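Peer 1: Starting off with a structure, shown below.
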Amino acid sequence: MTRRPLTAIVVATALLGTGCSSGDITAPSLQASVGSAYQRLYLLQQQELGHQVSPRPDSTAHCSRSGSTAHSGPGSWTCTVHFPYPDGHIVPLTFDVEVQPIGCYSASGPPAVVGQLELNTPSGSKVTNPLYAFDGCFDAG
C-alpha cells in the first residue's frame with residue numbers, strides 16, 4: 395500500500411494538532427476534537443480520491459458516554475458527527491470512541507458510510523482510508 399508523503403504529513407498534523415495531557419475528560423473537549431479531526435480527515439479522503447473539495451464550515455460532533463450515567467471521564471463514548479458536505483446535505487455519522495485518561499482517543503466509524511479500510515485512487519493505487527478509524531488527542535486539562 396502506498397501513501398504520498400504529503401498525506402502522511404497531513405495525518406500527523408491532524409493527530410498532533412492538539413496534544414495529549416491529563417485532566418478531566420468532558421464532552422465539549424471531546425466533541426471539538428472529534429469534529430475537527432473528522433473535517434480534516436474528510437478533506438484528506440476526498441483529496442486521495444481525486445475530488446476537488448473546498449474546506450467547509452466546521453463540522454460539529456455530539457458525544458456522550460456509552461453505557462454509563464457519567465458525563466465525563468475516560469472510557470467508551472459515542473460521538474455523532476454532523477458535517478456539511480459540498481452539496482449542502484448533512485449526514486450524521488456515529489463513531490465509537492475509546493478515550494484514554496490522558497485525553498487521547500481512537501474512533502471507528504461505520505464502514506458502510508465512511509468506506510472500507512482501503513480506497514482505490516484514480517491512479518489505481520490503494521491508500522488507507524483516513525476515516526475508517528482515526529486517533530486524536532485533546533487538552534483534557
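Position one of the sequence shown corresponds to residue 395 (our numbering), numbered consecutively onward. Even glycine gets a Cβ: it sits at the ideal position worked out from N, Cα and C. Just so we're clear, the structure is a prediction, and the values are computed from it rather than from any experiment.
1. Between Thr-515, Ser-453, Gln-510, Thr-488, which lies nearest to Arg-459 when the distance is taken from Cα to Cα?
2. Cys-498 and Cys-457 - do their beta-carbons sit closer together than 7 angstroms?
3. Give the single residue among Ala-421, Tyr-526, Asp-533, Pro-524 whose Cα lies nearest to the Cα of Thr-463.
4. Would you call the segment 475-489 and the segment 501-517 touching, i.e. three or more CB-CB distances under 8 angstroms?
5. Please name the residue or residues paired with His-456 in a DSSP beta bridge.
6. Could you check what DSSP says for Gly-530 in three-state terms: helix, strand or coil?
7. Check whether the Cβ atoms of Gly-429 and Ser-453 sit closer than 7 angstroms, and answer yes or no.
8. Using a threshold of 7 angstroms, state whether the C-beta atoms of Gly-444 and Pro-516 are closer than that.
9. Would Val-447 and Trp-471 be called neighbours here (beta carbons separated by less than 7 angstroms)?
10. Our contact map puts Leu-525 next to Leu-424 with C-beta atoms below 8 angstroms; I'd like the distance itself, whole angstroms only.
11. Measuring alpha carbon to alpha carbon, tell me which residue in Ile-419, Ala-426, Asp-529, Gln-433 is nearest Tyr-479.
12. In the DSSP assignment, what are the bridge partners of Gly-467?
Peer 2: Taking the definition as stated:
1. As a first step, residue 459 is located in the sequence shown; it is residue number 65 there, counting from the start. Answer by Cα proximity: Thr-488.
2. Counting from 1 along the sequence shown, the entry for residue 457 is found at position 63. Counting from 1 along the sequence shown, the entry for residue 498 is found at position 104. In this structure, Cys-457 lies away from Cys-498, with their beta-carbon atoms at least 7 angstroms apart.
3. For this step, residue 463 is matched to residue 69 along the sequence shown. The option with the nearest alpha carbon to Thr-463 is Ala-421.
4. yes
5. Numbered from 1 along the sequence shown, position 62 holds the residue referred to as residue 456. Listed as beta-bridge partners of His-456 by DSSP are Thr-474.
6. For the purposes of this step, residue 530 is identified with residue 136 of the sequence shown, where counting begins at 1. The answer is strand: DSSP assigns Gly-530 an E or B state.
7. Numbered from its first residue, the sequence shown carries residue 429 at position 35. Numbered from its first residue, the sequence shown carries residue 453 at position 59. Yes. Within cutoff.
8. Here residue 444 corresponds to residue number 50 of the sequence shown, with the count starting at 1. Here residue 516 corresponds to residue number 122 of the sequence shown, with the count starting at 1. Yes, these two residues count as a Cβ contact at 7 angstroms.
9. Locating residue 447 in the sequence shown gives position 53, counting from the first residue. Locating residue 471 in the sequence shown gives position 77, counting from the first residue. In this structure, Trp-471 does not lie closer than 7 angstroms to Val-447 by Cβ.
10. Locating residue 525 in the sequence shown gives position 131, counting from the first residue. Locating residue 424 in the sequence shown gives position 30, counting from the first residue. Not really, about 17 angstroms apart at Cβ, beyond 8 angstroms.
11. The sequence position of residue 479 within the sequence shown is 85, counting from 1. Measuring from the Cα of Tyr-479, the nearest candidate turns out to be Gln-433.
12. In the sequence shown, the residue the question calls residue 467 occupies position 73. According to DSSP, Gly-467 bridges with nothing at all.
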